[in-house]
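K.L.:
From first to last, the protein sequence lines stand for chains A, B and C. First residue of the first sequence? That's 15 in the working numbering, and the numbers climb one at a time after it. First residue of the second sequence? That's 125 in the working numbering, and the numbers climb one at a time after it. First residue of the third sequence? That's 923 in the working numbering, and the numbers climb one at a time after it.
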Amino acid sequence: MRAVILILAAAALLALPFAAQAAGQPALITLATRIAVYAIAAASLNFILGYGGMVSFGHAAFFGLGAYTVGVMFHHAGAGPMFGLIPGTTHLLVTIPLALAVSGLAAAAIGALSLRTGGVQFIMITLAFAQMLFFLFVSLTTYGGEDGLIIRRPNEFLGLNLRDRVTMYYVALGFAAAFFLILWRIVHSSFGAVIQGIRQNERRMAALGYAPYRYKLAAFVLSGMGCGLAGALMANVLRFTSPDLMHWTKSGELIVMVILGGLGSFFGPVFGAAAFLILETYLAGWSEHWPLALGAILLVIVLFTRGGVAGLIARIGGALQR
Amino acid sequence: MKRFLAAASLLALAATGTLAEPVKIGMITTLSGPAGYLGEQVRDAFVLAIEQEGGKLGGVEVQLVVEDDGLKPPQGLQIAEKFVGDEGMKLLTGIIFSNVAGAVVPEVVAQGAIYVSPNAGPSNLAGEGCHPNYFVVSWQNDALHEASGTAARKLGYTRAVALAPNYQAGKDAIAGFAREFGGQVTEIYTQLDQTDFASEMAQIRAANPEVVFQFHPGGLGIAFLKQYQQAGLLGQIPMVLSEPSLDAVILNAVGAAAIGLKGTTHWAADFDNAASKAFVAAWQAKYGDKPLTTYAQQGWDTAQLIASALRKTGGVDDIDAFREALRAADFASTRGDFRFGPNQHPVQDWWLIEIVADANGKPQIVTREQLRDDVGDSYAAQCKM
Amino acid sequence: MSILLIEQALNGVQYGVTLFLLAAGLTLIFGIMGVINLAHGSLYMIGAYAGMYAAAETGSFWLGLPVALAAAAVAGLAVEALVIRRLYNRDHLDQVLATFALILMANQAIILMFGRQPIFTRLPAGFDGSVQLLPGLAYPTYRLLIIAVGLAVAAGLWLLINRTRVGMLVRAGATNRDMVRALGVDIRLLYTVVFGLGALLAGLAGYMAGPIGAVQVGMGEQILLATFVVVVVGGVGSIRGAFVAALILGVVDTMLRAFLPTLLRQVMTPAEADQLGIGIASMGIYLLMALVLLIRPRGLFATA
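Structure, rendered in C-alpha cells:
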C-alpha cells in the first residue's frame, strides 16, 4: 500500500511540469520548486525539532548562509577573488558543497554554544545568534546590504540550463529526493534512535552511556547543513539573495511549516511547506486582506486537528481503511 | 485550446485593428505590514487614473490586477511568474521596496515583459544592471538625499549631523547627502527596529550642529520627529529631510512636531501646473481628506506614462514599439519637467519645501524654490544598453 | 560630558521601564502558564490604538487610558478563553502556531478598522514640556511620567505577588505548577487572571508608548523580540528578574549606541570605529543575552 502511494506520488511530481504547462499555469512550477526547497529546510528543522526536541528559532540563519554562499561566490566570480585569495565560482557542484560546509560550520559554532542551555533559553539563544548574523549581512555593503545581491546567471550544473523553470524544478526535486532518502536513513539509524531517545528522556540516555551533548550537536549541525542546502537552491531559484532570508520571521515561518505539517512526522514538513506556501500564494491572489484569512485557517488547523496536516491525512487514511 | 483561441483572437485584432481584450497590467505591491500604506497610495492613484479615463489608459481598455508581496522577495517573484507566465502579462508595475525589486525586476525583463517602477530605484538596477525593459518613474534612490544635501548647502549651513538606520539605504542616504552638502558631517547610525531615539537626541544636542539631516522611513520617522520636538530641539536646530521622511501620512501622524521643518521633494501637492492640479482635484474628489503623498503622485505619473505609450501603440503586442513610446516620456508629468536619462531613470527638478501650519494648525507642505534643475543620477554613466 | 552621561543613563532607564511594562506580563504568562505568547505584541498594539482613538474622540489623554487598559484586557481574556485554553494540554509549539495566527489576524483587523496609515497621537496636556533636572539638563516631562508609571507598576506587582493570596498562587505556580493543581486550586481561573493581567500591562505599555512613537500596524512585533530577550535574561517567570534585566538592557543598549563609536575612535580610525561600533551596538542586546545565557543558562533570576 505504502509503496503504491510512493510510486503514485513520484509519478505525480515528475508529471507536474507537463500538467502545469498544459493547464496554462507555468507559475505552478515555480511554486512547486519553492515547496520542494522549503520542504528540505523544514524537514531539516523537523529533524532536531520534532525528533530531537530542540526548538531552534534561528534556522533561517543557515538558510540565509546557504543562499549567500551562492550569491557571494557569484559576486567574486565577476569581481575578483574574496580578500584577494578565494576565487569565486558559478558551478553548482562547488557552491552546494561549499554552502553545506559554511552552514555546517556555523551550525557547529552556534550549536556548541546554544546547546549548553535548554528549553526556552535555547529558543532565544538560537534566535540571538541568527539576529546577529542578520545584522551582519544588513551592514555588508559589498554584498548589497539590505537591498540584497542579484545573481545574474544561475549556477552551471551538468550543462543544464537552470534558468529554465522546468529544469530548475527537476534539479530541486532531485536534490529533495536525495535529501529525504538520506534523512530517512539517518532517522532510522541508531543515531536517529539516540536523538529521539534524548528527546524522551535525556537522563536515561546519559545513563545508558550516550553523551547527549555530542549527539545533539551532531544533529544540530546536520540540520543546519540541510537548511544551507535549501538556501543554496533558493538562491538559484530566486537568482537573488537578501538578508530578508535570514530574518527572524523566516525562522518563524519554518517553525510554522513544521508544526503545520505535523511535528516529528517524516513527510509532515513537505505537507506543511506545501500548505503554507499554497495558502499564502492563493489567498494573496484572492484578497488584499489575505493575512486575515491565513491566520483564521492556521488557527482552525491548530485548534481542531491534532498532528497537523500529516495527522489529518493519517486519520482520513485510517477512516477509509475501516 | 485556450492558447489557440488567444492566438486566433490576436490575429483577428491585427486584421481589424481594434482591441477587444483589455491590456492587463500587473501590480505587485506591498499592502500588508507597517509599510502597507505606501502600496495603498500607489495603487489608489493608479486606480484613480484608470477611472478618470473610464476604464482606459491612453484610450486603450486596461485591466489592473493587484497583488500584495508582503515585503517578501520570494513572494514577489512568485506573483511575477504568475502574471507573466500564467496570465501572459507584458506590463508590470507597483513594487515599493528595493529588495523585492531586486528579485522581481531581472526576472520580469528577462522574460521580455516591461517593468515600470513607481517607487523603488535601487542602485544595483540603475548602473550596470540597467535594462531596456526597465523604467523608473519616481527617482533613483540616491537622488532623494543628494537634493537634501543641496538644500542644506544653499541654506548656508556648513556643519551637519546626519542620522539614518544602519543598513544599506541608510548609508546611501547619508553618503548622498554628504556628497552634495560638501560641509562637515557627523554621522550617527541608528538601528533598524529602534523606536526610542532619546540617546540620539542627547547626542545631537551635544554636537550642536547648524543643521540636522535624518532619514527614517515610515514609523521610525514618526517616532523620530515626535521625539525631536519633545526633546526641545525643534525650533532650536533646523532640520532638512528627504521626501520619504516627510510624506503627508507622516505629517498627519506627527502633527505640530513637523512645523518649521524643511525638506526636499520632486513633487508637492501645491505645484502650479495643470497636470498636478487635475490630479489633486481628482484625488480629493474620490478619496476626500485621505492623505495625498508623493507615493500616490508616483503611481499617478506611472499610469500617465503608460497611458501616453498606449495612446501611440494601441496595446503592448508590439513590445519594441511600446518600449520606444515609453522612452519618449510623452506625457504631462505632475512634476513639470520630466524625461528619461540614458538608464531610463528620471531626469527631473528638485524643490525645497517647508512645513507650515495651516488655518487649523495642521502641518502643510509649501513649495519654496527650485534646488536642482534637470538632474539625473550618478549611475547613468555606468549603464550600457 | 558628565551631564550627557547622566542624561543618557536616564534615557536608558526610561527605555528599560518601557520594556519592563511589556516583559512583566509576558514573563508571568511564560513562567506560570508555559505559554509562548507571540501575540503579546498585538495586545500592545490594541491598547495603543483603542486608547489613542478614545483620546482623540474625547480630547483627553486620561480618558483614553482606561479604554486602552480595558481593550487590551478584554482582547487578552478573549484570546485566553477562545484559543489558549484549548491548547493547555497540547505541545507548547501548538501555542506558537496559534499565537502566530493571531498576530496575522490582529494586524489585518487593525487595517480594516483604522486603515494602513499610522494614527495621530499627542502628549497629554501638562506633560508636553521639559523639566530642568540639573543645570544644563532639561528632561522631557512625559518621559519622567513613563519612568514613574513603570516604577509604580513594578512596586504594585511586587505587592501583589508578595502580599496577596493571588500572588502566592502565582509564585507557587511559577515554581511548581502540578503541586498547585494538586492542592485543589482552580488553576484555570488562575491562568485566566494571569493572562488578563499580562494583557492589561501590555495595553498600558502600548498606550504609554503611543505619544512618543508611531502607533501603526505591526508596532508590537517591532518591540516583541527585545521583550523576549528581557524575559529570558531575567529568568522566565521572575518579575524581579524582568525588572532588573529590562533596566540593564535599556541602559546597556542606550549607552552602547551613545558612546561606543566615540570610545572606539580613541583606538582606531573613525571609519573603522563607526563600522565596528554600530555593528556591536545593533547586536548589543542579543550579544548580552548570549553572554548571560552562557554563564547562567537559566537567566539571572531563575525561579526553578
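A virtual CB, placed ideally from N, CA and C, is assigned to each residue, including glycine.
(1) Give the list of continuous alpha helix (DSSP H) stretches no shorter than 4 residues that lie fully inside the region 164 to 245 of chain B.
(2) Grab me the residues of Gly423(B)'s own chain with a C-beta within less than 6 Å of its C-beta, minus the 5 sequence neighbours each way, in chain order.
(3) Tell me whether the beta-carbon of Gln360(B) lies closer than 8 Å to the beta-carbon of Phe348(B).
(4) Using only the alpha-carbon positions, how far apart do Met1130(C) and Lys436(B) sit?
(5) Are Ala288(B) and Gly294(B) touching if we call contact CB-CB under 8 Å?
(6) Just the chain A side, please: which residues come within less than 7 Å of Gly226(B) by C-beta, in chain order?
(7) Is the Cβ-Cβ distance between Met325(B) and Tyr352(B) less than 8 Å?
(8) Determine the direct distance from the alpha carbon of Ser272(B) to that of Phe305(B), and round the result to whole angstroms.
(9) Between the region 146 to 153 of chain B and the region 193 to 208 of chain B, do three or more beta carbon pairs fall short of 8 Å?
(10) Using beta carbons (cut-off 8 Å, strictly below), is Ala372(A) in contact with chain B?
(11) Of all the CB atoms in chain A, is at least one closer than 8 Å to the CB of Gly273(B)?
(12) Hey, how far is the Cα of Thr44(A) from the Cα of Asp396(B)?
(13) Within a Cβ cutoff of 7 Å, which residues of the same chain sit near Asn376(B), ignoring the five residues on either side of it in sequence?
(14) Return helix, strand or coil for Asp413(B), following the three-state DSSP convention.
(15) Please name the residue or residues paired with Gln39(A) in a DSSP beta bridge.
(16) Threshold first: 4 residues or longer. Then list the alpha helix (DSSP H) segments lying entirely within the region 280 to 310 of chain A, N to C.
(17) If we count the other Cβ atoms within 10 Å of its Cβ and call it buried at 16 or more, is Val314(A) buried or exposed?
(18) What in chain A is Cβ-close to Glu191(B), meaning under 7 Å?
(19) Interface residues of chain A around Ala293(B) at Cβ under 9 Å?
(20) In chain order, what residues of the same chain lie with their CB nearer than 6 Å to the CB of Ile124(A), ignoring the 5 residues before and after it?
(21) So with Cβ pairs under 8 Å, would you call Glu170(A) a contact of chain B?
(22) In three-state DSSP terms, what is Ala355(B)?
(23) Ignore the nearest five residues each way along the sequence and tell me which others in Ala246(A)'s own chain have a CB closer than 7 Å to its CB.
(24) Along the chain, which unbroken stretches of the alpha helix (DSSP H) at least 4 residues long are found entirely within the region 92 to 144 of chain A?
(25) Check the Cβ of Asp1100(C) against every Cβ in chain A and list those closer than 9 Å, keeping chain order.
(26) Using a Cβ-Cβ cut-off of 8 Å, state whether Gln1054(C) counts as contacting chain B.
(27) Would you decide whether Glu1194(C) is buried or exposed? Buried here means 16 or more other CB atoms lie within 10 Å of its CB.
(28) Can the beta-carbon of Gln58(A) be found closer than 8 Å to that of Gly240(A)?
(29) Look at the alpha carbon of Arg177(A) and the alpha carbon of Val261(B), and state the distance between them as a whole number of angstroms.
(30) In this structure, how does DSSP classify Phe464(B) when only helix, strand and coil are distinguished?
(31) Using 10 angstroms around the beta-carbon of His202(A), count the other beta-carbons present and answer buried if the total reaches 16, otherwise exposed.
(32) Using the Cβ count rule (16 or more neighbours within 10 Å means buried), how would you classify Glu1002(C)?
(33) Measuring CB to CB, does Thr47(A) end up less than 8 Å from Ala186(A)?
(34) Which same chain residues, not among the five before or five after Ala398(B), have their C-beta less than 8 Å away from its C-beta?
(35) Helix or strand or just coil, what does DSSP make of Asp444(B)?
(36) Tell me the rounded alpha-carbon separation between Phe128(B) and Asp210(B).
P.N.:
Short version:
(1) 197 to 205 and 222 to 234
(2) Closer than 6 Å at Cβ, skipping near neighbours: Val166, Ala169, Phe170 and Pro242.
(3) no
(4) 57 Å
(5) yes
(6) Asp161, Gly162, Ile164, Phe254 and Ser256
(7) yes
(8) 8 Å
(9) yes
(10) Outside the shown range of chain A (15 to 336) lies residue 372(A), about which nothing can therefore be said.
(11) no
(12) 48 Å
(13) Pro415
(14) coil
(15) Answer by DSSP bridge pairing: none, since Gln39(A) is not bridged.
(16) Qualifying alpha helix (DSSP H) stretches, in chain order: 282 to 300.
(17) exposed
(18) For Glu191(B), the C-beta contacts it makes with chain A under 7 Å involve Ala298 and Gly299, in order along the chain.
(19) Going along chain A in sequence order, the residues near Ala293(B) (Cβ under 9 Å) are Gly159, Glu160 and Asp161.
(20) Phe143
(21) No, Glu170(A) does not count as interfacial toward chain B.
(22) coil
(23) Gly80, Ala81, Thr83, Val84, Thr109, Ile110 and Ala113
(24) 106 to 128
(25) Here the premise fails: no neighbours, minimum Cβ distance about 17 Å.
(26) Gln1054(C) does not count as touching chain B.
(27) exposed
(28) It is worth fixing the name first, because residue 58(A) is Ser in this sequence and not Gln. Closer than 8 Å, so yes.
(29) Cα to Cα, the separation comes out at about 29 Å.
(30) strand
(31) Per the 10 Å Cβ criterion, exposed.
(32) Residue burial is scored here from C-beta neighbours: Glu1002(C) has at least 16 other C-beta atoms within 10 angstroms and is therefore classed as buried.
(33) yes
(34) So the qualifying residues of the chain are Ala456.
(35) Collapsing the DSSP output to three states places Asp444(B) in a helix.
(36) Confidence is the limiting factor: at Phe128(B) the pLDDT is only 43, short of 50, which leaves the residue's position unreliable, though a coordinate-based value still follows. Going from the Cα of Phe128(B) to the Cα of Asp210(B) covers about 15 Å.
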